[in-house]
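**Student:** Quick note: the sequence shown uses numbering that gives the first Met the number 0, first residue 0, plus one each step.
Note that CB positions come from ideal geometry on N, CA and C, so glycine has one too.
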Amino acid sequence: MSDYLVIVESPAKAKTIERYLGKKYKVKASMGHVIDLPKSQTGVDVENNFKPKYITIRGKGPVLKELKTAAKKAKKVYLAADPDREGEAIAWHLANSLDIDIHSDCRVIFNEITKDAIKESFKHPRPINMNLVDAQQARRILDRLVGYNISPLLWKKVKKGLSAGRVQSVAVRLIIDRENEIKNFVPEEYWSIEGLFKKGKDTFQAAFYGINDKKKKLQSEEDVQEILGKLEGNTFIVQSVTKKERKRNPARPFTTSSLQQEAARKLNFRAKKTMMLAQQLYEGIDIGKEGTVGLITYMRTDSTRVSEIAVKEAAEYITSQYGKEYVASGIRKEKKNANAQDAHEAIRPTSTMRAPGALKAYLSRDQLRLYRLIWERFVASQMAPAVMDTVTVNMVNNGVTFRANGSQIKFQGFMKVYVEGTDDQSEEKENVLPAFLEGEKVQSEKINPKQHFTQPPPRYTEARLVKTLEELGIGRPSTYAPTLDTIQRRGYVALDNKRFVPTELGEVVIELMMEFFPDILDVEFTANMENNLDEIEEGQAEWVKIIDDFYQNFEKSLKIAESEMREVEIKDEYAGEDCEKCGNPMVIKMGRFGKFMACSNFPDCRNTKAIVKEIGVKCPSCKEGNVIERKSKKKRIFYGCDRYPECDFLSWDKPINRTCPKCDHILVEKKLKKGKQIQCVHCDYKEKLQQ
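#1: Would the region 491-508 and the region 71-91 be scored as touching if the rule is three or more Cβ pairs under 8 Å?
#2: Check each candidate in Asn130, Glu178, Ala116, Ala73 and name the one with the smallest Cα separation from Glu536.
#3: Just mark Ala337 as buried or exposed, buried being the case when its beta carbon has 16 or more other beta carbons within 10 Å.
#4: Looking only at C-alpha atoms, which of Glu220, Ser257, Ile127, Ile545 sits nearest to Asn447?
#5: Here's the rule I'm using: 16 or more other beta-carbon atoms within 10 Å means buried, otherwise exposed. How should His343 be labelled?
#6: Rank Val33, Tyr417, Val326, Thr400 by C-alpha distance to the C-alpha of Arg371 and give the top, closest one.
#7: Could you tell me whether the Cβ atoms of Ser9 and Val62 are closer together than 8 Å?
#8: If we ignore side chains and look at the alpha-carbon of each, how far apart do Leu152 and Ser162 end up?
#9: Compute the Euclidean distance between the alpha carbons of Asp176 and Asp533, then round it to the nearest angstrom.
#10: Going by Cα to Cα distance, which pick from Ala270, Thr502, Pro348, Glu188 is closest to Ser308?
#11: Going by DSSP, what residues sit across from Phe499 in a beta bridge?
#12: Can you list, in chain order, the stretches of the alpha helix (DSSP H) that have 4 or more residues and sit fully within the region 110-183?
#13: Could you check the C-alpha separation between Leu504 and Gln487 for me, to the nearest Å?
#14: Between the C-alpha atoms of Tyr77 and Asp133, what's the straight-line distance to the nearest angstrom?
#15: Rounded to a whole number of angstroms, what is the C-alpha to C-alpha distance between Met298 and Gly474?
#16: Quick check on this structure: which residue in Cys618, Met352, Gly42, Ala13 has the alpha carbon closest to the alpha carbon of Cys283?
#17: Would the beta-carbon of Phe253 fall within 8 Å of that of Ala313?
#18: In or out: Asn531 buried (at least 16 other Cβ within 10 Å) or exposed?
#19: In chain order, what residues of the same chain have a beta carbon less than 6 Å from the beta carbon of Asp83, not counting five sequence neighbours either side?
#20: Can you check which of these residues, Ile108, Phe109, Ala94, is closest to His102 by C-alpha distance?
#21: State the Cα-Cα distance for the pair Arg57 and Val33, rounded to the nearest angstrom.
#22: Have a look at Leu230 and Val399 and give me their C-alpha separation to the nearest angstrom.
#23: From Ser380 to Arg251, what distance separates their C-alpha atoms?
#24: Pull up the DSSP beta-bridge partners for Asp201, would you.
#25: Could you check what DSSP says for Glu568 in three-state terms: helix, strand or coil?
#26: Less than 8 Å separating the beta-carbons of Val326 and Thr351?
#27: What does the alpha-carbon distance come out to for the pair Ile99 and Cys105?
#28: Going by DSSP, which residues form a beta bridge with Arg247?
#29: Name the one or two DSSP bridge partners that Asp577 has.
#30: Does the region 111-129 come into contact with the region 163-175, if we say contact requires no fewer than three beta-carbon pairs (one atom in each stretch) closer than 8 Å?
#31: What is the DSSP secondary structure of His92, reduced to helix, strand or coil?
#32: Under a Cβ-count criterion, where at least 16 other Cβ atoms within 10 Å of its own Cβ denotes burial, should Leu671 be classed as buried or exposed?
#33: Let's see if you can read the secondary structure: which residues bound the alpha helix (DSSP H) around Ser562?
#34: Tell me, to the nearest whole angstrom, how far the beta carbon of Ile236 is from that of Phe207; I am working on the premise that it is less than 8 Å.
#35: Would you be able to state if there are at least three C-beta pairs under 8 Å between the region 207-218 and the region 359-375?
#36: Label Ser425 either buried or exposed according to how many other C-beta atoms from any shown protein chain fall within 10 Å of its C-beta, with 16 as the threshold for buried.
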């Protein structure tokens, strides 16, 4: 019999921790929550201080029974759920179910699953923190009151299966507001003049800056012609040469939000996938001789704080691999987000010494890619700034100034390891200019005016939406991924070219909620509610009062909505063809896996078909079928013949309607890290894709 029982959430974590604690400890998994509000009813007694009605989750009875049996045999039980509000609530439910005194030292928390961290945490057990429990309980009850009261209304007035939630509804509203901005955007014309210049044997580019040393905007073709009319010949005089040394600091280690954003940019991961992989890396991976080890720290955090031990180890690694001059000198001042709880460290590798290359044999491809991203970001964050030499050259011809900007990396610093991505995928490029002296002459070889139009704000990508939610103080690290997943599963939004667009259903639901529940959709109101939950966690507010203050107005709005909300019929979209079985029109429906075609004569006719997207290319294999866009089980797009399985042609790259001029084989559109190109599948023929 083991002396001590330790209860964690997952079997993977249990396996890792049991190895570290030794024979006296038995570690079992609760498999997440064992107690929750019932699914069949609201489960909140609004007449009795919002008392929640907790029950054993269906299917968790045997798990709870096993834990009770093990707890009776143990001298002491430790509750080691995740170190956040939800983990504290799981520990509280377990304590109540297993008759453990919540005021005893039964709670153990750790930020990383490593031998030293686990052993140290068991030296400092503590009572269950009821402020954390109350904050989580308040969130759960608030969400239940909103969801279980508004959702039935939407089922009755719009269609079955809809849901409403505090955070998800605001997220959909942001997407709709952005779409309206795009629709209402009026583009404005502006121009630029770019020039190709020559100095000796060197050529370089410069752009129009202004007149008589003053910057000037070019808003029309007339403005451009006026500037071109001023130029006298193609000789320019170098008026000024400004050289500066500029330092560029590395990005800070990852928070949950920044990890989701960067994984979307650099790895093309959805937020849900990022968090699933991060959970696996946190809970432990078998890495050979070391056994099962947690490779990263806890992945739900809004802090960029790092422990002194981790900083010291990173400095040792950087010194040994790159040299002492690459180690950051001094401590960078922390910029704390006003909405951050700062409960945990940043997301970092549990040991810098475990370089990604050494783990290749033990991790899946995607696990390794995410680990490499986390490892490189952390190591770079502990490195010295990059030093750039920048040069600005002003060249004048009859008062018309053209400006050339150049930069050159003088010292790579952190850029030797990692450079943060951006939403538009542009990265800082070196533009090396020749040496200039003031007063010398250069020649213009080509002056090229270009017309431009201002662009509307871009649609939200997952990364951009997560960043916006965080900046607005809506939701917390644990809520981003489930929120994005929910609004897509409910059919309120869809992804078009990896950007969110609202559906008709989403627009109808938000319009109704704006009319009857404006507070739920108010960004400031939702952010203030998050702050209220933080105050409960800090012991500065009472959870019942916070919920009561909310419910007073919410109940009034609910009564008005029940009597006045109009019924809305969302008509099915005609698919453009008739059912081959009964002749009735086919319509487009939304299912679990996206859109599909179904017969409008349902339920009398149950014919359904996948939506086929042709790309206008004949099959290069059989010459009879057409190439269509398909999706794999993992939702990756590929291209195949519509005569499958008679013809088994497939390509991950998009075929185009031309053949190779060298060998007459198929040409495809190949995606590169930066842009696309046309290339042959058989020979080495390549060409740049015209944008």
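**Tutor:** Checking against the coordinates, here is how it stands:
#1: no
#2: Asn130
#3: With a pLDDT of 48 at Ala337, under the threshold of 50, the predicted position of this residue should be treated as unreliable, and no value is reported.
#4: Glu220
#5: Classification of His343: buried, given that the 10 Å Cβ count is 16 or more.
#6: Tyr417
#7: no
#8: C-alpha separation (whole angstroms): 9 Å.
#9: Each residue's alpha carbon lies about 28 Å from the other.
#10: Here residue 308 turns out to be Ile, not Ser, going by the sequence shown. The option with the nearest alpha carbon to Ile308 is Pro348.
#11: Leu494
#12: 114-120, 129-156, 165-183
#13: 11 Å
#14: 20 Å
#15: 16 Å
#16: Checking the displayed sequence, the identity of residue 283 turns out to be Gly instead of Cys. Taking only the C-alpha atoms, the option nearest Gly283 is Ala13.
#17: Pairing Phe253 with Ala313 gives a Cβ-Cβ distance that is not under 8 Å.
#18: Counting other Cβ atoms within 10 Å of its Cβ, Asn531 reaches 16 or more and is therefore classed as buried.
#19: Excluding sequence neighbours, Asp83 sits near Arg299.
#20: Taking only the C-alpha atoms, the option nearest His102 is Ala94.
#21: Rounded to whole angstroms, Arg57 to Val33 spans 9 Å at the Cα level.
#22: 7 Å
#23: 5 Å
#24: Per DSSP, Lys198.
#25: coil
#26: At a Cβ-Cβ threshold of 8 Å, Val326 and Thr351 do not count as neighbours.
#27: 8 Å
#28: Ala385
#29: Pro584
#30: no
#31: helix
#32: Leu671 is exposed by the Cβ-count criterion.
#33: 542-563
#34: About 16 Å; that fails the 8 Å criterion.
#35: no
#36: With a pLDDT of only 45 at Ser425, under the threshold of 50, the placement of this residue in the model should not be trusted; the figure read from the coordinates follows. It counts as exposed.
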